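Visitor: Protein chains in written order, with my numbering: chain G, 76 to 671; chain C, 136 to 377. Even glycine gets a Cβ: it sits at the ideal position worked out from N, Cα and C. Everything numeric in this text was worked out from a predicted model, so none of it was measured.
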Amino acid sequence: MKLRLSKTISCDLLILGAGGAGLRCAAEVLEKRPGTKVVAITKVAHPQKSHTSTAQGGLAAVDPKDPVDKPVYHMFDTWKGSDCMADQNVVRKIVEAGWDEILWLENRGMHFSRDMDGRLAKRTFGGHTINFGEASAYRAVFEADRTGKGIMDTLWGEVLRGGISFIHQSMATELLFSGERCAGAMVFCQKSGEFVAIKAKAVVLAMGGCGQVFKVTTNCRQNTGDHLSLAVQAGLPVMDPEAVQFHPTGIVGPGILASETLRSVGGILRNRDLEAFMEKYAPKMRELAPRDLVARAIETEIREGKGVFNQDHSIEHVWIDLRHLPEHVHRTQIPEVASFFKKFVNVDSRKELCPIRPSNHYHMGGVPTNSDGEVLRDPQKTVPGLFAVGECACASFHGFNRLGTNSLLELITMGRFAGQKALEYLEGELPELCGDIGENTFQTFAAYLQTKGQAKVGDVREKLRALMTEKVGVFRVEGGLREAVTQIAELKAQAMEIALVTRDLAMNQELVERWELDNLLTSAMLIATGALHRKDSRGGHFREDYPQRSPDLDSHSLLYMEEFGKVKIEKKPVDMSLFNEGGPHAEKFGMIERKY
Amino acid sequence: MSDSYEITMKILRYDPSTKKRWTQQYRLQAGGILRLTDLFRKINMEQDPSLAWNSSCEHGQCGSCAVKVNGKPLLACELLVANAVKLFGINQFFIEPISVGPVVRDLIVDLEPAYGRVESLKPYIMKRKENLYGTAEYRIAPQEMESYLEATRCINCFCCATACMSGPKNFLGPNAIMASMVRVLDPREAATEQRLSVLHGPEGVRHCHTSRACSQVCPKEIDVAHYVALAKAAQTKKHRET
Numbered sequence: 076m077k078l079r080l081s082k083t084i085s086c087d088l089l090i091l092g093a094g095g096a097g098l099r100c101a102a103e104v105l106e107k108r109p110g111t112k113v114v115a116i117t118k119v120a121h122p123q124k125s126h127t128s129t130a131q132g133g134l135a136a137v138d139p140k141d142p143v144d145k146p147v148y149h150m151f152d153t154w155k156g157s158d159c160m161a162d163q164n165v166v167r168k169i170v171e172a173g174w175d176e177i178l179w180l181e182n183r184g185m186h187f188s189r190d191m192d193g194r195l196a197k198r199t200f201g202g203h204t205i206n207f208g209e210a211s212a213y214r215a216v217f218e219a220d221r222t223g224k225g226i227m228d229t230l231w232g233e234v235l236r237g238g239i240s241f242i243h244q245s246m247a248t249e250l251l252f253s254g255e256r257c258a259g260a261m262v263f264c265q266k267s268g269e270f271v272a273i274k275a276k277a278v279v280l281a282m283g284g285c286g287q288v289f290k291v292t293t294n295c296r297q298n299t300g301d302h303l304s305l306a307v308q309a310g311l312p313v314m315d316p317e318a319v320q321f322h323p324t325g326i327v328g329p330g331i332l333a334s335e336t337l338r339s340v341g342g343i344l345r346n347r348d349l350e351a352f353m354e355k356y357a358p359k360m361r362e363l364a365p366r367d368l369v370a371r372a373i374e375t376e377i378r379e380g381k382g383v384f385n386q387d388h389s390i391e392h393v394w395i396d397l398r399h400l401p402e403h404v405h406r407t408q409i410p411e412v413a414s415f416f417k418k419f420v421n422v423d424s425r426k427e428l429c430p431i432r433p434s435n436h437y438h439m440g441g442v443p444t445n446s447d448g449e450v451l452r453d454p455q456k457t458v459p460g461l462f463a464v465g466e467c468a469c470a471s472f473h474g475f476n477r478l479g480t481n482s483l484l485e486l487i488t489m490g491r492f493a494g495q496k497a498l499e500y501l502e503g504e505l506p507e508l509c510g511d512i513g514e515n516t517f518q519t520f521a522a523y524l525q526t527k528g529q530a531k532v533g534d535v536r537e538k539l540r541a542l543m544t545e546k547v548g549v550f551r552v553e554g555g556l557r558e559a560v561t562q563i564a565e566l567k568a569q570a571m572e573i574a575l576v577t578r579d580l581a582m583n584q585e586l587v588e589r590w591e592l593d594n595l596l597t598s599a600m601l602i603a604t605g606a607l608h609r610k611d612s613r614g615g616h617f618r619e620d621y622p623q624r625s626p627d628l629d630s631h632s633l634l635y636m637e638e639f640g641k642v643k644i645e646k647k648p649v650d651m652s653l654f655n656e657g658g659p660h661a662e663k664f665g666m667i668e669r670k671y
Numbered sequence: 136m137s138d139s140y141e142i143t144m145k146i147l148r149y150d151p152s153t154k155k156r157w158t159q160q161y162r163l164q165a166g167g168i169l170r171l172t173d174l175f176r177k178i179n180m181e182q183d184p185s186l187a188w189n190s191s192c193e194h195g196q197c198g199s200c201a202v203k204v205n206g207k208p209l210l211a212c213e214l215l216v217a218n219a220v221k222l223f224g225i226n227q228f229f230i231e232p233i234s235v236g237p238v239v240r241d242l243i244v245d246l247e248p249a250y251g252r253v254e255s256l257k258p259y260i261m262k263r264k265e266n267l268y269g270t271a272e273y274r275i276a277p278q279e280m281e282s283y284l285e286a287t288r289c290i291n292c293f294c295c296a297t298a299c300m301s302g303p304k305n306f307l308g309p310n311a312i313m314a315s316m317v318r319v320l321d322p323r324e325a326a327t328e329q330r331l332s333v334l335h336g337p338e339g340v341r342h343c344h345t346s347r348a349c350s351q352v353c354p355k356e357i358d359v360a361h362y363v364a365l366a367k368a369a370q371t372k373k374h375r376e377t
C-alpha cells in the first residue's frame with residue numbers, strides 16, 4: 076500500500092488544536108495583525124466541542140479594584156499549591172496579566188455571572204487566599220457552572236470575525252522542519268481520508284491533555300496525548316510528565332467531576348461497610364482535607380478491600396453520602412451535581428448513596444516552554460517557530476499540583492503571550508520544508524492498515540488504562556512502576572499485532588483509534604518512567620517508598636524518547652526569581668512546606 | 136444495584152467507499168447504568184470494531200454524540216440503558232444519524248453545513264455599544280441577563296434542528312436563530328437591527344411552524360421555541376410601528 080500526499084497548503088500561522096489556548100492565540104494574532112492567514116486543526120467536529128468547553132468552576136484573576144486581594148497573594152497561593160515546583164517568572168507573568176484577560180473576554184461578549192450591581196461576580200475556590208493563607212479570597216470570576224464553555228464560545232466568535240480557517244476532525248501526525256526551525260505539520264483529515272502538508276511561518280501546539288491514559292478520567296475521549304508523541308518523535312523533550320492530578324470525587328463509570336462542593340456542604344465519604352473513613356486519615360479536616368490527601372484515603376480504603384464493585388463499571392469505588400443533608404441543600408446548593416448522579420448513574424442523592432472514586436483530572440507536565448510559550452529543545456535553547464500552550468504545554472505555572480480555576484487563567488494568558496511572540500515570525504518569508512515530506516506518517520499509517528494479527532485496539536487500550544490506574548495512579552512505588560514500564564513495552568509489542576477491519580481511509584475510526592493508542596502508549600511510558608525516576612513525593616506525584624519531598628529533586632525533569640522505551644533524562648532548574656530578587660515578601664517564595 | 140438488559144441495537148450504517156447503506160443488528164447484554172455511548176464502545180470492543188460513531192466529552196456538555204434513537208434526537212452519552220427501556224417501553228433501539236448534514240460514515244455526520252448556518256449568523260458581538268471599552272467591564276444587571284442567559288447554555292448538538300419540521304434546506308434552524316437572538320438581547324450589542332433583518336429574511340423565522348419540537352427535544356431543556364418566538368415578535372412589533 077502506498078499512501079501519498081494529497082496536497083500542500085500554506086498559511087502564516089498553524090494552530091494544532093482549537094481549544095481555549097489555541098483559539099486565544101489565534102485571536103491575538105488576528106486582532107494585532109488583521110488579514111493573517113491562520114489555519115487551526117481540530118480533532119473534534121467543531122472547536123465548540125473541545126475539552127475547554129467542559130470546564131465548570133471559574134477563572135482566577137485579581138481585580139485591581141479589589142480592596143483586599145493582591146497579585147502577590149495569588150502568586151504565593153500558586154507557588155505553595157505547586158509544591159514549590161512552579162517557575163516563578165511564569166507565575167508572576169500570568170498572574171499580573173490575569174485581569175486584562177478577564178476584561179478582554181468580557182468586552183468581547185462572554186456572559187460572566189454578575190453581582191446585584193451588574194459587576195463581575197466573584198467566588199472563592201480551594202487554595203486561593205488573601206494575605207498568604209489568612210482567609211479565602213474572592214478571586215474566581217465565572218459563568219455559572221460553564222465557565223469553560225463561555226470562554227470557548229467567545230473565542231470561537233472572535234476568530235470567526237478575524238477570518239480563521241478551521242480543518243475539523245483532523246489531526247497532526249508529524250511536525251515538519253526547515254533545518255532547526257519548525258515550519259509546518261502533516262495533517263490527516265479524517266472525513267476525506269487525505270494527508271495534507273501544511274507549511275507555516277509559526278506553529279502552535281495546543282492539543283490538550285492525555286487523560287485517556289487512565290481508566291477513569293474527567294477528560295474527553297480525544298485527549299490521548301498526541302502532543303507528547305509529536306514532541307518526542309521530533310526529538311524534543313517532555314517536562315515533568317509524572318505530575319498528574321487526580322480529583323478525589325469523580326463519578327464512577329463516566330468519570331464526571333463531582334464538585335468539591337459536595338464535601339463542603341457536608342457530604343460524608345463511606346466505604347463498603349458504610350464507615351465514615353475520613354476520620355482515620357484527617358481527624359480534624361476529614362472530608363475537607365486537600366484533594367490529594369482525600370484521593371489517597373479513598374484509594375487506601377479500596378486497596379484494603381473496603382471498596383464496592385459494580386460489574387457495569389468494572390472498577391471499585393466508595394460512596395459519598397448526601398442523604399442526611401436537608402432538602403434545601405440538595406435543591407439550592409448541589410442541584411447540578413445531583414442531576415449528574417441522577418442522569419449518569421441513576422442514583423437519587425437524597426435517598427441513595429452516590430458512587431465516586433479518584434479520577435484522573437489534569438496533567439501539569441507537558442511540552443516545555445519558556446514564559447512566551449516558545450518550545451524548549453533543551454534547558455537553554457528554544458525551537459524557532461514552535462510554540463506550545465494550554466494543558467499540552469508545561470511552562471510550569473502549576474508545578475506539581477494545580478489549583479482550581481488556574482488552568483483557564485493559564486490557557487488564555489499563555490495563548491495570548493504565544494500569539495504576541497509568534498507575530499515576530501509572521502513578517503518573514505515562508506520557510507522551505509526539508510526531507511521527504513510526510514514519509515514517517517505514510518509509513519506509520521500504511522503499517523496500521525496492513526498489519527495482520529489477532530490483537531485488538533480496544534483490548535490493548537483497556538489493558539493499558541487499567542495498568543496505569545493500578546500502578547501509576549494515586550499511589551506509586553518502585554516495584555509497581557518497574558512492572559508498569561515493562562508491561563507498557565509489552566503492550567506496545569501487542570499493539571504491533573493489531574489488524575484493522577476497516578481498510579479504507581475516509582472516516583476510519585479504527586485507524587484513528589489505532590494511532591491514538593500509540594500516543595497513549597507513548598504518554599504512559601513517559602509518565603511511568605518519570606514517576607520511577609522521581610524518588611520523592613510532591614503535589615500530585617506520591618511515592619509510598621519516598622513519602623517526603625527531597626531537596627535533591629527540586630528541579631524539573633526533561634524526558635527525551637526518540638525510540639520507544641529508551642528514555643534520556645535531563646534536569647532543568649526551577650525558576651525562583653521572586654525568591655532570588657528579594658522583594659518585600661521574598662521569603663514566602665522559598666522552599667516552603669505545603670500545609671493547609 | 137442495576138439490572139441487566141437484553142438489548143437489540145439496530146444501527147443504520149453507511150460505508151463511504153461503496154456508498155452502501157444498510158441496517159445492522161447487534162444483540163448485547165448490558166447493565167442498566169451503561170449509557171448508549173458505552174454500548175457503542177462495547178460493540179466496537181466485543182463485536183464489530185468497524186462501527187463508527189462520534190463523541191467527545193461524554194457527559195452532556197459538548198453535543199458531539201447526538202443521534203436519533205427510535206426517531207427521537209438525543210445525546211447518546213446521556214441515555215442510560217434502564218432509562219431508554221423505560222422511555223421507549225421496548226428493549227430494541229433503532230439508531231440513525233441526525234439529519235442536519237451529509238453522513239460521512241455510519242453515525243458520523245458532517246456538521247460543516249449545520250455549523251455553517253450558526254456561523255452565518257455571527258455568534259459574536261458584531262458592533263460593540265460604546266461603553267467604557269478598554270477601561271473596564273460593561274455593567275449588566277443580573278435581571279437584564281435573565282432574558283437571554285438560558286439560551287447561552289446551547290451546545291449546538293443539533294437535536295432541535297433534527298426535530299424541526301422545516302428541515303435544514305432553506306431554514307437557518309432553531310439553534311442558529313437562538314444564537315443570534317442571544318446577541319439581539321445582549322446589551323453590549325449595537326447591531327440589533329442588522330441581526331433582526333437577517334432573522335426576518337428569506338431563510339429566517341418565517342419557516343418556523345411553531346410546532347415546538349425544538350423545545351421538546353432539547354437535551355439541555357432550553358425553551359428554544361421561545362427564542363424563535365421572540366424573533367417573530369420583533370417582526371410583528373416592527374410591522375405595527377411602520
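Use the C-beta contact count for H399/G: other C-beta atoms within 10 angstroms, 16 or more gives buried, fewer gives exposed.
Guide: With fewer than 16 other Cβ atoms within 10 Å, it is exposed.
Visitor: At least one CB of chain C closer than 9 Å to the CB of N583/G: is that the case?
Guide: Output row for N583/G: interface = yes.
Visitor: So T297/C contacts chain G; which residues on that side make the cut at Cβ distance below 8 Å?
Guide: In chain order: nothing, as chain G lies at least about 15 Å away.
Visitor: Measuring only the C-alpha atoms, how far is G132/G from R221/G?
Guide: So the alpha carbons of these two residues sit roughly 7 Å apart.
Visitor: In terms of residues, what are the limits of the beta strand (DSSP E) holding L210/C?
Guide: Here the beta strand (DSSP E) through L210/C covers K207 to L210.
Visitor: In angstroms, rounded to a whole number, what distance separates the CA positions of I357/C and N291/C?
Guide: Looking at the two C-alpha atoms, the distance is approximately 12 Å.
Visitor: Could you run through the stretch 233 to 248 of chain G and flag, in chain order, every residue whose CB is less than 8 Å away from some CB of chain C?
Guide: From the stretch 233 to 248 of chain G, only E233, L235, R236 and H243 have a Cβ closer than 8 Å to chain C.
Visitor: Along the stretch 351 to 370 of chain C, where does the CB come closer than 7 Å to a CB of chain G? Name the residues.
Guide: Listed by position, the residues of the stretch 351 to 370 of chain C near chain G (Cβ gap below 7 Å) amount to none.
Visitor: Anything in chain C within Cβ reach of R398/G, meaning under 8 Å, just list it in chain order.
Guide: None at all; the shortest Cβ gap to chain C is about 17 Å.
Visitor: Give a yes or no on whether 9 Å exceeds the smallest Cβ distance from F207/G to chain C.
Guide: F207/G does not count as touching chain C.
Visitor: Look up M636/G in the DSSP assignment and say whether it is helix, strand or coil.
Guide: In the structure shown, M636/G sits in a strand (DSSP, three-state: E or B).
Visitor: To the nearest whole angstrom, what separates the beta carbons of F421/G and L215/C, a pair I think is in contact under 8 Å?
Guide: Note that residue 421/G corresponds to Asn in the displayed sequence, not to Phe. That belief holds up - the Cβ atoms of N421/G and L215/C are roughly 6 Å apart, short of 8 Å.
Visitor: Checking contacts by CB at 9 Å: is E181/G closer than that to chain C?
Guide: Yes, contact with chain C.
Visitor: In whole angstroms, what is the alpha-carbon distance linking M261/C and H436/G?
Guide: Cα to Cα, the separation comes out at about 36 Å.
Visitor: Do the stretch 162 to 182 of chain G and the stretch 133 to 141 of chain G meet, that is, are 3 or more Cβ pairs less than 8 Å apart?
Guide: At 8 Å Cβ cutoff, the stretches touch.
Visitor: Considering only the alpha carbon of each residue, which of F664/G, T117/G, M489/G and E553/G lies closest to Q265/G?
Guide: Of the candidates F664/G, T117/G, M489/G and E553/G, the one whose C-alpha sits nearest the C-alpha of Q265/G is T117/G.
Visitor: Identify each residue in the stretch 242 to 257 of chain C for which the Cβ-Cβ distance to at least one residue of chain G is less than 8 Å, and report them in chain order.
Guide: Answer in chain order: I243, D245, L246, E247, Y250, E254 and K257.
Visitor: Flag M316/C as yes if its beta-carbon sits less than 9 Å from any beta-carbon of chain G, otherwise no.
Guide: Not closer than 9 Å to any Cβ of chain G, the Cβ of M316/C fails to qualify, so no.
Visitor: Quick one: grab the DSSP three-state call for W154/G.
Guide: Reduced to three states, the DSSP call for W154/G is helix.
Visitor: Looking only at C-alpha atoms, which of K77/G, P316/G, I343/G and A493/G sits nearest to W394/G?
Guide: Ranking K77/G, P316/G, I343/G and A493/G by Cα distance to W394/G puts I343/G first.
Visitor: Check the Cβ-Cβ distances between K224/G and every residue of chain C, and say whether any is below 9 Å.
Guide: Output row for K224/G: interface = yes.
Visitor: Do the stretch 278 to 293 of chain C and the stretch 246 to 258 of chain G make contact, defined as three or more Cβ pairs closer than 8 Å?
Guide: Short answer: they don't touch.
Visitor: For I90/G, go through chain C and note every residue whose CB falls closer than 7 Å to its CB, in chain order.
Guide: None at all; the shortest Cβ gap to chain C is about 18 Å.
Visitor: Return helix, strand or coil for G490/G, following the three-state DSSP convention.
Guide: DSSP places G490/G in helix when its eight states are reduced to three.
Visitor: Can you say whether F384/G is buried or exposed, counting buried as having 16 or more other CB atoms within 10 angstroms of its CB?
Guide: With fewer than 16 other Cβ atoms within 10 Å, it is exposed.
Visitor: Between which residues of its own chain and P506/G is the CB-CB distance below 6 Å, once the five residues before and five after are set aside?
Guide: Answer for P506/G: S253, R256 and A258, listed in chain order.
Visitor: How would you list, in chain order, the residues of chain C whose beta-carbon sits under 8 Å from the beta-carbon of T129/G?
Guide: In chain order: C192, H194, Q196 and C197.
Visitor: If you reduce the DSSP assignment to three classes, tell me which class Q370/C lands in.
Guide: Of the three classes helix, strand and coil, the one that applies to Q370/C here is helix, per DSSP.
Visitor: Do three or more CB pairs link the stretch 599 to 611 of chain G to the stretch 620 to 630 of chain G at distances below 8 Å?
Guide: They touch, by the three-pair rule.
Visitor: Do D162/G and A470/G have their C-beta atoms closer together than 9 Å?
Guide: It is a contact, given that the beta carbons lie within the stated cut-off.
Visitor: I'd like to know whether the C-beta of F654/G is nearer than 9 Å to at least one C-beta of chain C.
Guide: F654/G does not count as touching chain C.
Visitor: Spatial neighbours of H361/C within its chain, please: C-beta separation below 8 Å, excluding the five flanking residues on both sides.
Guide: Closer than 8 Å at Cβ, skipping near neighbours: S350.
Visitor: Measure the beta-carbon distance from V166/G to F492/G and round it to whole angstroms, keeping in mind my assumption that it falls under 8 Å.
Guide: Actually they do not touch by this definition, with Cβ atoms about 13 Å apart.
Visitor: Would a check of beta-carbon distances place H473/G closer than 9 Å to chain C?
Guide: Taking Cβ atoms only, chain C never reaches closer than 9 Å to H473/G, which makes this a no.
Visitor: Excluding sequence positions up to five away, which residues of its chain have a Cβ less than 6 Å from the Cβ of M666/G?
Guide: If we look at M666/G and ignore the five residues flanking it on each side, its Cβ neighbours are C159.
Visitor: Quick one, which residues of the stretch 171 to 205 of chain G are near chain C if we go by CB-CB under 9 Å, in chain order?
Guide: Answer set for the stretch 171 to 205 of chain G: I177, L178, E181, N182, R183, G184, H186, F187, S188, R189, D190, M191, D192, G193, R194, L195 and A196.
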